[in-house]
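Heads up: the protein sequence lines correspond to chains A and B, in order.
According to our numbering, the first sequence holds residues 1 to 488 in order.
According to our numbering, the second sequence holds residues 489 to 976 in order.
The beta-carbon is built from N, C-alpha and C at its ideal position, and this holds for glycine as well.
Written below as C-alpha cells is the structure these notes are about.
Protein chains: 2
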Amino acid sequence: MAKEITARADDYSQWYNDIVKKAGLAEHSAVRGCMVIKPYGFAIWEKMQAQLDAMFKDTGHVNAYFPLFIPKSFLSREADHVEGFAKECAVVTHYRLKKGADGEGIVVDPDAKLEEELIVRPTSETIIWNTYRDWISSYRDLPLLVNQWANVVRWEMRTRFFLRTAEFLWQEGHTAHATKEEAIAEAKQMQEVYASFAQDYMAMPVVQGSKTETERFAGAVDTMTIEALMQDGKALQAGTSHFLGQNFAKAFDVKFLNQDNKESYVWATSWGVSTRLIGGLIMTHSDDDGLVLPPKLAPTQVVIVPIPKPNETIAEVAEDIKRQLGQLGVSVKIDDDPKKRPGFKFAEYEMMGIPVRIGIGMRDLEKSVVEVARRDTKEKTQIPLDQIHQYIPALLSEIQDNLYARSLQFRKDHWRQVDDWDTFQETLEEEGGFISAHWDGTSETEKRIKELTKATIRCIPNDQPLENGSCILTGAPSSRRVLFAKAY
Amino acid sequence: MAKEITARADDYSQWYNDIVKKAGLAEHSAVRGCMVIKPYGFAIWEKMQAQLDAMFKDTGHVNAYFPLFIPKSFLSREADHVEGFAKECAVVTHYRLKKGADGEGIVVDPDAKLEEELIVRPTSETIIWNTYRDWISSYRDLPLLVNQWANVVRWEMRTRFFLRTAEFLWQEGHTAHATKEEAIAEAKQMQEVYASFAQDYMAMPVVQGSKTETERFAGAVDTMTIEALMQDGKALQAGTSHFLGQNFAKAFDVKFLNQDNKESYVWATSWGVSTRLIGGLIMTHSDDDGLVLPPKLAPTQVVIVPIPKPNETIAEVAEDIKRQLGQLGVSVKIDDDPKKRPGFKFAEYEMMGIPVRIGIGMRDLEKSVVEVARRDTKEKTQIPLDQIHQYIPALLSEIQDNLYARSLQFRKDHWRQVDDWDTFQETLEEEGGFISAHWDGTSETEKRIKELTKATIRCIPNDQPLENGSCILTGAPSSRRVLFAKAY
C-alpha cells in the first residue's frame, strides 16, 4: 500500500515533487505560482521559525511588523534596488469592486483607482527605511535591531514548491548602526547564525562566503551567503545577509547625530531566510522511500505502531512509552487506527520522514522488548522496554549527527578543485557539485561561464586562502579560487 | 519629564491615540490606513499569539498557510459573502513594472495585465474551501481542523490604530465537519476559547452571545461573538466564531461519503481574532498616565530601577533579583542607564504599563528592603529583600485578578436593564454602556434603532433567559432581551 514515488535516479525533479505532495507538505493553489502549505509542511516551518526566532532574540533582535504594501515611488529611490526588484511585482491599482453591469459577478470599479499604485512587498528595505527616518535621530537610538516575519511576493514565471514561489514566507532582519564596522559585524553575525541553524538543526552543511558583484542583492555593498549542496549536485542559496552601506539611509534621508554632535548617514544591514529552507531540507536528506527529517526539526519524532493490531496491553505500553519520552521533550504519536494494517502505516511514516518508529507486538512484549526502526538507515533493533527512555533520546541524537555526517560526506565527494576548462565543463555536465576554480575577477568572464555551462559563482568562500592561479576560462591571473556550481 | 497624554475625560479618542504612540505600540505608515506595529506593540501580539496558538492546538487544531491572493471570481461564488466582502478590497491587476518613458521612475507595464484580477484576501473562506474540495472525500477525512495566522486587507475608509486598519494581522480557523451538530459544537467551543483567553489572559470580561441576522458574518448561518465594554461606554466586538452551515461547501462543491456511503455536503465553521485585541486591551485597563497591562500579556513584567543612580552594590542586588525571578518564569528588565534620572524612568515605565517596578536605593538596602510599586493601583510598599521571590509572583497574580475585577465592576456599573424608549435614549447619550432591552426581532426595528441612536444589537447573550416583554421601540411582543450598545 506504499504510495510510490519516482526514484531520484529516474527523474530527480519529479522525485522532489512526489515527496512534497505525498508527504503532505504542499500543493498548488488556484492562484498561479502560489502554493498551499499543508499542515505537515507548515509544522516543519513552525519548528524552524521557533528556533530561528530564539536565535535572533538571543542576539538582541526584536520583532515588528511593517505594511504589506509599498508605494510605487519608494522602489525608485535606491538606484540598484529598483533594477533588482521593481520588475516582476504584484501591483495593486484599485481599491473597490462592484456588481457587473449585467448583474452577474463582480468587476473592478473604475472610479476606485489609486492615485499611486501600491506594490505588494517583494522585500521591505524601502518601507522600513522610510520608517526609520522618524525612529533615528541620535547615536542613542542605535543600533536598531529589528526583524519581521512576513509574506512577500515576487512574480516568478517558473515556480517550484518551496524553492521558488510567487508568494513565500520569510523573515527579514533590518538593522541600523552608527558605524560601518558595526554594520559589517552584524551582517557577519547573522551569516553565522544562519550557518549554525543550517548545520545544527537542519543537519545541512553550508559554505559561508560572499557573493560576487553580479550576484549581489540589489542595493547591497556586500552580500554574504550560505550555500548548500543538493543530492543532484546543484547548489542552493539557503540564506543571505547583506551589508547595505549607507545606500538606503541616503535614499530615505536617515541621519543621526553622533557623540561629537556631527551628523552622519546611518549604516544598514538586512538578512533573510525563507520557506525555501524546507526545499533544502527535503533535498538534502530524503531518499526514494520519501522524506527524511532531522530529529530537531521533525514535528513528530517518534511514532508507535501496534503489531499486528492494537489491544489493551499494547495500548498501555504505548501510552507508558509516550509519557516517559514526553517528559524528556520527545514528541511521540501513537497510531492505533485499527482500520489500517501495520505495513501500510510503516510506509506512510517512512514517506513522512518520522525519524524513529517503535513497533509493539505481543510476541516481543513477552520478551519485554519492542522493535525500534530508524528512518535514516532503515536499521531495526530489539530494545528492552526498560531501556527505551535512555535509548530513544540517544538514538535521535545519533540520527541527527548521522544525517549531518552523511550530507557532509556527500559534499566532500562532490567538491572538486579544477584547473582546466575541459575538466570544468565535464565535471559540471557529469557530476555537478561544487567546483573550486580560479576566476579573473571580471563580471564579463562570470557571465560568459554562465552562458557556456549554466554554472554561477556561488560565493567567494570566507575561508578561501589567497593563492596565485589563472582564470579557468581566460587564463588571466587570479589571486584566489571561488566556488562554482549550477544552482537552484 | 513625563510625556504627557490627553486625559480620558478631555478627549477619549485622543487619549487612546496618545497611548498608542507614546507607549511605542504603533504608528501610521506611508500607506493610507496601514500602520507599523512597533516592537513593543508587536511583543504584546507575540504573547497573545503564543497563548492562543497553544489553546488552538490543545483543542486539536493544526496550522497551515493559504495564498494571500484570491481570484476575483471566487468571491462571487457564495451569494451573501460577495455582498459583505467584495467591496472595499485591494485589487491586483498587473504583475510587472517598467521604466517610465522619460527614463525617470517606474510605471505599470500595460502588457502585464492579469487575465483575472486577484483580490488581496479580506478573509479566506473562498480560497480555503476551494482547496478543501481536494482534501475531503470521505468521513475519514473529517473533521478537518485548520487554523492560519495571516495578514488580511479590508480597504477601510476611516481607520483607527489596531481597531480598524486597512491591513491587519489575525488568525482564521476554518474547520470542516460531517454533521451539523459537530460544526455547531466546534463554533461554540471556539467562542468559549476566545472568552477564556479574553478573561483569563487579557483580564477583559466579555459577554458571549449570537449576532442578529443583520450583524452576522457574510455567509454565516450563525455568528457567535464575544463583546467587551470599553471605558468610554462603547462596546468592542473582540472575536467571532461562525457556524457556516453548508454554504461554502455548496459554493465550492465540497462533498463527502458518509459511513453509509451516501454523499453529503460538508459542514463548516470559521473563527477569528485579530490585532484589534490589542486595542481592546489598551482601552480596558489603561489610565491617564499611560498603558496598563495585565501581567500575563506584559512583555516585561518587572522593571528594576536603581535610585538615585546605579552602583556596584545595587547592580549586584538587581542581578540577584532578576535571576531569582527569572527562575520562576517572571520577565525582568534592569534599567541601569546612568544618563536618565529615576523620575524619568518611572514615568516611562508607567507609560509602558509595566506591571511592577522595583526601586533599589542605598538607604533602603541598609535596611535590606526595596520599594515595590504596582502599576494598576500606584501603591508602593517596602518589601524585605529575602521575601521578593515570594512577593513578586503573588503580586503579579494579584494585579492580574485586580484588573479583571476592576473591569468587571466597570461593566456592572455600565449595564442597565431598560424598558422604555426615553430612558434608552438618555442612557445611550449620557452614560453609554450595555443596555439590556426587549426587541421585536425584526431587522427593520434594529435598523431604525441604529439610525435614531447609533446603538446596535451587540448580541443575544447565550445565558439570556426567556422573558415576555415589549419591544423598546415598537412595543411589539418580545420573548427575551438583547444587548444594545454603541460600538467600535
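Quick one: using the 10 Å Cβ neighbour count with 16 as the cut-off for buried, is residue i buried or exposed?
| i | result |
| --- | --- |
| Met352(A) | buried |
| Arg158(A) | exposed |
| Pro796(B) | exposed |
| Lys87(A) | buried |
| Ala90(A) | buried |
| Lys560(B) | buried |
| Asn749(B) | exposed |
| Asn735(B) | buried |
| Ala26(A) | buried |
| Met1(A) | Residue confidence is low: Met1(A) scores 37 on pLDDT, short of 50, so the model does not pin down where it sits. Its coordinate-derived value is still stated next. Label assigned to Met1(A): exposed. |
| Thr275(A) | buried |
| Glu800(B) | exposed |
| Arg851(B) | exposed |
| Asn639(B) | buried |
Which residues in the same chain as residue i place their Cβ atom closer than 8 Å to its Cβ, once the five residues preceding and following it in sequence are excluded?
| i | result |
| --- | --- |
| Asn402(A) | Asp376 and Thr377 |
| Lys935(B) | Thr702 |
| Tyr139(A) | Ala178, Phe256, Leu257, Asn258 and Gln259 |
| Ser684(B) | Met543 |
| Met283(A) | Tyr16, Met230, Gln231, Asp232 and Leu236 |
| Lys22(A) | Lys3, Ile5, Gly290 and Met351 |
| Ile525(B) | Leu513, Ala514, Trp533, Leu657 and Thr763 |
Who pairs with residue i in a beta bridge, going by DSSP?
| i | result |
| --- | --- |
| Phe922(B) | Trp903(B) |
| Asn147(A) | Asn63(A) and Gly173(A) |
| Val579(B) | His94(A) and Ile607(B) |
| Val494(A) | Outside the shown range of chain A (1 to 488) lies residue 494(A), about which nothing can therefore be said. |
| Gly760(B) | Glu660(B) and Thr728(B) |
| His516(B) | Met523(B) |
| Arg652(B) | Arg648(B) |
| Cys471(A) | Paired residues: none, contrary to the question. |
| Thr869(B) | Val860(B) |
| Pro965(B) | Ser958(B) |
| Val153(A) | Glu167(A) |
Under 6 Å Cβ to Cβ from residue i, same chain only, skipping five residues before and after it: list those, please.
| i | result |
| --- | --- |
| Asp18(A) | Ile5 and Thr6 |
| Glu182(A) | none |
| Thr236(A) | Position check: residue 236(A) holds Leu in this sequence, whereas Thr was assumed. Same-chain partners within the cutoff: Ala228, Met230, Gly280 and Tyr488. |
| Trp271(A) | Gly173, Met190 and Ser241 |
| Leu916(B) | Thr941 and Ala943 |
| Met586(B) | Note on residue identity: the sequence assigns Lys, not Met, to residue 586(B). Around Lys586(B): Asp597. |
| Ser819(B) | Thr788 and Gln789 |
| Ala251(A) | Arg77 and Glu78 |
| Lys821(B) | Thr788 and Val791 |
| Lys380(A) | Glu371 and Ala373 |
| Val508(B) | Ala514 and Phe649 |
Quick one: what's got a C-beta closer than 7 Å to residue i's C-beta in the same chain, skipping five residues either side?
| i | result |
| --- | --- |
| Gly148(A) | First, the residue type needs correcting, since residue 148(A) is Gln and not Gly in the sequence shown. Excluding positions up to five away in sequence, the list reads Asn63, Ala64, Tyr65, Phe66, Ser124, Gln171 and Glu172. |
| Phe455(B) | It is not possible to answer for residue 455(B), since the shown part of chain B is limited to 489 through 976. |
| Glu833(B) | According to the sequence provided, residue 833(B) is Lys. The question's Glu does not apply to it. Same-chain partners within the cutoff: Val793 and Asp823. |
| Lys784(B) | Tyr689 and Gln888 |
| Thr93(A) | Lys113, Leu114 and Glu117 |
| His28(A) | Met35 |
| Asp141(A) | Trp135 and Phe256 |
| Lys676(B) | Met712 |
Looking at the ligand GDP, does it come within less than 7 Å of residue i, judged from the CB to the closest heavy atom?
| i | result |
| --- | --- |
| Ile624(B) | The ligand GDP is absent from the structure shown, which contains no ligands of any kind. |
Interface residues of the region 541-564 of chain B facing chain A [CB-CB below 8 Å]: Here the close residues are Val550, Asn551, Ala552, Tyr553, Phe554, Pro555, Leu556, Phe557, Ile558, Pro559, Lys560, Ser561, Phe562, Leu563 and Ser564.
Selection of the region 141-162 of chain A by Cβ proximity to chain B, strictly under 8 Å: From the region 141-162 of chain A, only Val146, Ala150, Asn151, Val153 and Trp155 have a Cβ closer than 8 Å to chain B.
Within 7 Å of chain B by C-beta, residues of the region 76-99 of chain A in sequence order: Here the close residues are Ser76, Val82, Ala86, Lys87, Glu88, Cys89, Ala90, Val91, Val92, Thr93, His94, Tyr95, Arg96 and Leu97.
At least 3 beta-carbon pairs within less than 8 Å: the region 219-229 of chain A vs the region 159-169 of chain A: No: fewer than three Cβ pairs fall under 8 Å.
Against chain A: residues of the region 506-519 of chain B by CB proximity under 7 Å: So the list reads Ser517, Ala518 and Val519, given in the order they occur along the chain.
Contact set between the region 319-336 of chain A and chain B, restricted to residues whose Cβ is under 7 Å from the partner: When CB distances to chain B are screened at a threshold of 7 Å, not a single residue of the region 319-336 of chain A falls below it.
Inter-stretch contact (C-beta, 8 Å, three-pair minimum) for the region 198-215 of chain A and the region 395-412 of chain A: A contact exists between the region 198-215 of chain A and the region 395-412 of chain A.
Against chain A: residues of the region 604-619 of chain B by CB proximity under 8 Å: Listed by position, the residues of the region 604-619 of chain B near chain A (Cβ gap below 8 Å) are Glu605, Leu606, Ile607, Val608, Ile615, Asn618 and Thr619.
Touch test, the region 615-635 of chain B against the region 126-133 of chain A, Cβ-Cβ under 8 Å, three pairs minimum: Contact check between the region 615-635 of chain B and the region 126-133 of chain A: fewer than three CB pairs, one atom from each, fall below 8 Å, which does not count as touching.
The region 850-859 of chain B contacting the region 868-885 of chain B, beta-carbon criterion three pairs below 8 Å: Touching, yes.
Residues of the region 255-287 of chain A whose Cβ lies closer than 9 Å to any Cβ of chain B, in chain order: Within the region 255-287 of chain A, the qualifying residues are Thr275.
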